[in-house]
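**Q**
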Amino acid sequence: LHRGRRENDAEAVRAVYAPIVETTAISFESEPPTRDEMARRIRKISARYPFLVTDGGYAYASPHHARAAYRWAVDVSIYLAPEARGRGLGRTLYTRLFDILRAQGFYCAYAGIALPNAASVRLHESFGFTAIGIYRAVGFKFGQWHDVVWWELSLRERDAHPLEPLGIHEVPNIESLLQG
């Protein structure tokens, strides 16, 4: 498990993500991103937020919204290759991701899950995410409409005077957080 900064990470991430785009409605993209596009996404996200990569999967956080008042909230995503599912990899990735997000000073994480996706629903519920709303028939892919359920996880108690969230490069002892 490491932060997405290695030369071959873009191709490894693309190898996990491309079949999801091509064969499922888990992602609403219609064409898999190229290796160069995936490298650009990793660079952009990892400039401020965690982007974690391991054999068979990856997880990352990104801004929830652009407006300043949202800066203590993040969206999270996780993708696993079929052969990596059901072995605890998702739990490991999310555990490390949430530890880093707490260390950065974020207060809440949001995740959108396109339905059907029972495995992702179970994973998110196991971490304490609660469903907060449904976008009904919001995405059309493979000849049918799909709902997206939005989930929320509180990362810490709200503070009346929150400190500014740290950038990923400002987190002390980040390597120890990656190792658990």
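Residues in the sequence shown are numbered consecutively from 516, following our numbering. Where a beta carbon is used, it is the ideal one built from N, C-alpha and C, also for glycine. Small disclaimer: the values here were computed from a predicted structure and weren't measured.
From which residue to which residue does the beta strand (DSSP E) around His639 run?
**A** Where His639 is concerned, there is no enclosing beta strand (DSSP E), although the alpha helix (DSSP H) it sits in stretches over 633 to 641.
**Q** Put Phe655 into one of helix, strand or coil per three-state DSSP.
**A** Three-state result, Phe655: strand.
**Q** For Arg518, list the residues DSSP reports as bridge partners.
**A** DSSP output for Arg518 lists Leu567 as bridge partner(s).
**Q** Among the candidates Asn523, Ser545, Ala629, Val568, whose CA atom is the shortest distance from the CA of Gly605?
**A** Gly605 has its Cα closest to that of Val568, out of Asn523, Ser545, Ala629, Val568.
**Q** Within 10 angstroms of its Cβ, does Arg520 collect 16 or more other Cβ (buried), or is it exposed?
**A** Exposed, by the Cβ-count rule.
**Q** For His580, name the three-state secondary structure that DSSP assigns.
**A** If DSSP states are grouped into helix, strand and coil, His580 belongs with coil.
**Q** Give the C-beta separation of His579 and Tyr573 to the nearest angstrom, bearing in mind that I take them to be a contact with Cβ-Cβ under 8 Å.
**A** That belief does not hold up - the Cβ atoms of His579 and Tyr573 are roughly 19 Å apart, past 8 Å.
**Q** With the cut-off set at 8 Å, would you say Ile557 and Ser577 are in Cβ contact?
**A** It is not a contact, given that the beta carbons lie outside the stated cut-off.
**Q** Let's see if you can read the secondary structure: which residues bound the beta strand (DSSP E) around Tyr532?
**A** No beta strand (DSSP E) holds Tyr532; the alpha helix (DSSP H) holding it covers 524 to 538.
**Q** Work out the CA separation of Arg563 and Glu672 for me, nearest whole Å.
**A** Cα-Cα distance, rounded: 22 Å.
**Q** Mind checking which residues open and close the alpha helix (DSSP H) that includes Tyr609?
**A** Its alpha helix (DSSP H) spans residues 604 to 619.
**Q** Which residues does DSSP pair with His684 in a beta bridge?
**A** None; His684 has no bridge partner.
**Q** Skipping 5 residues on each side, what residues in its chain have a beta carbon closer than 8 Å to that of Glu544?
**A** Contacts found: Val536.
**Q** I need the DSSP call for Leu678, collapsed to helix, strand or coil.
**A** Looking at Leu678 - three-state DSSP - the assignment turns out to be coil, as it is neither helix nor strand.
**Q** Distance check for Ala624 and Glu685, CA to CA, integer angstroms please.
**A** Taking the straight line from one Cα to the other gives about 20 Å.
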